[in-house]
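From first to last, the protein sequence lines stand for chains A and B. Numbering-wise (the working numbering), the first sequence opens with residue 1 and increments by one. Numbering-wise (the working numbering), the second sequence opens with residue 1001 and increments by one. Okay, so here's the structure we're looking at.
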Amino acid sequence: MTSRILINRTRAKGTAWKIWDTYGFAHPRDIPLIELVRDKRITVRCGGLKGAEARLVRVGDSGIVRVKDSNVYSPRSRFAISHELGHWLIHSDSQGFNCTSEDLRDYKKKPQEAEANIFASHLLMPAEFVCPFVAARDIGMKTALEMADECNVSLTSASIRMMEMSKYECLLVFSRDRQVVWWVSSTDRYGIWLESKQRISRDSIAYHLGETDRGDFSEEEVPFDAWFLHYERSEVPSLTEQSRYLAGAHGTLTLLTLAD
Amino acid sequence: MNAKSHNSGSENLLNALSAFLAEEDSTPSTAEITKNLQRQGVDFSKVLKDISKNVQRAENRLRLRSIATEVKNTSVQSVEMIAGSIQELRERVAAYISSLGGDLAVNAFYRKLESADEEDLRSLLEDFEDLKRQAENDISHFDKSD
């Protein structure tokens, strides 16, 4: 019999909340992350990583976090550093973590990675800020972009956090050269999934996006089978799509929303 | 007013407030004041708790501000090249990892490193050596102050 380790979401969220309670930051953008991790006896370094997005090494009560990005203050690095801080605080019985970009968006599979992501997400985008922010707006890429700007995080991190708040089932898909690279879903309500390296359908908005960052954030209803090739229930939910080309990532980010 | 004098001013103010809340100089004591206020139907304890908490938070944020200068000078560094062949690097990294103990997480970490890139191994070795130096400094500092 294999034992299944569960994801302790409460502990991850509680650990992030404790940081906010300890320092009493006024706004998510005010978090001096590098100083915060230094206060926990962790030094941050950049570069020297090829096979991972971020790494944490612990010897005794001191540690070093290394990030791949050459700018430790970039939104991408901020999430990676927060993720490693999560490992440091929550998984104190482990001496090292080598985290890939896939690990940094895993909220479901590997318990330790998921807990570190939940921690990072709640540290950089706390519920006290995010809940009223999202409640006052429509769930969509425009809201995610505004949230990313307010919290100094990437559009991807903000979109995932926003999806968590949505009452609808949402999927975030990243594609490059009209092929799915990765996707994450907010729940498993409909049991839907995308194939690995699935080709982007002509019926989707993503297929027709040029290599430009400009987008009007318009939401369009698209055929369900434009994205989902495997669905066995007779009643098909309605599907809306928003897509945006990200020049920095050389790919397209798509938010799919399903509703009965 | 420069940032340094502003910082020390805030620090003095916080220290004075901390001392006041810790009842170092207060006469009558906070307990006596609280008791008197309670007699008149005013619950001062919650207010006092909130003030103490906010003072503690402000002290914590002030500590982060003083760390900022240190961080700018030291912690955000790029990789220094450590010499050695990839095989030597792997052996030295393995020696460090085994010295940390043999729990499952360390083993999993090590398995990932068996296929690690040379650059990753060099930076990892650099990190281990720095942490070791740091630990030795901490021990000698502890010995001196003991």
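Cβ atoms here follow ideal geometry from the backbone N, Cα and C, with glycine treated the same way. These numbers come from a predicted model, not from an experiment.
Beta-bridge partners of residue i, as assigned by DSSP
i	result
A/A54	A/V67 and A/C99
A/S243	A/T254
A/R199	A/Q179
B/T1030	B/T1030 pairs with nothing; no bridge assigned.
Residue-chain proximity (residue i, chain B), Cβ-Cβ < 7 Å
i	result
A/P111	no
A/R11	no
A/E128	no
A/N152	no
A/A80	no
A/G14	no
A/G48	yes
A/V236	no
A/I7	no
A/Q198	no
For residue i, three-class secondary structure by DSSP
i	result
B/E1119	helix
A/L255	strand
B/V1055	helix
A/L49	coil
A/V173	strand
A/V130	helix
B/S1085	coil
B/F1071	Here residue 1071 of chain B turns out to be Val, not Phe, going by the sequence shown. Reduced to three states, the DSSP call for B/V1071 is helix.
A/S238	strand
A/E146	helix
A/S62	strand
A/V222	coil
A/P185	Pro is not the amino acid found at residue 185 of chain A; the sequence shown has Ser there. A/S185: strand per DSSP, three-state reduction.
A/I139	coil
A/I19	helix
Chain A within 7 Å of residue i, Cβ atoms only
i	result
B/S1099	no
B/G1086	Looking at the sequence shown, residue 1086 of chain B is not Gly but Ile. B/I1086 does not count as touching chain A.
B/R1133	no
B/N1137	no
B/M1001	Residue confidence for B/M1001 is low, a pLDDT of 49 falling below 50, so the modelled location carries little weight; the figure read from the coordinates is stated next. It does not: the Cβ of B/M1001 has no partner Cβ on chain A nearer than 7 Å.
B/A1068	yes
B/R1039	no
B/N1060	yes
B/E1114	no
Presumed contact (8 Å Cβ cut-off) between residue i and residue j, rounded CB distance
i	j	result
A/I5	A/V37	At roughly 26 Å, the Cβ-Cβ gap does not stay under 8 Å, so A/I5 and A/V37 are not in contact.
A/L239	A/L256	6 Å
A/E84	A/F97	7 Å
A/P75	A/V153	5 Å
| message | I want to know whether the region 64-71 of chain A touches the region 12-27 of chain A - three or more CB-CB distances under 8 Å. | response | no
| Using 8 Å as the Cβ pair cut-off and three pairs as the minimum, do the region 94-114 of chain A and the region 174-189 of chain A touch? | yes
| Three or more C-beta pairs below 8 Å linking the region 243-252 of chain A and the region 170-177 of chain A | yes
| request: Answer yes if the region 25-45 of chain A comes into contact with the region 56-63 of chain A, meaning at least three C-beta pairs across the two stretches below 8 Å, and no otherwise. | output: yes
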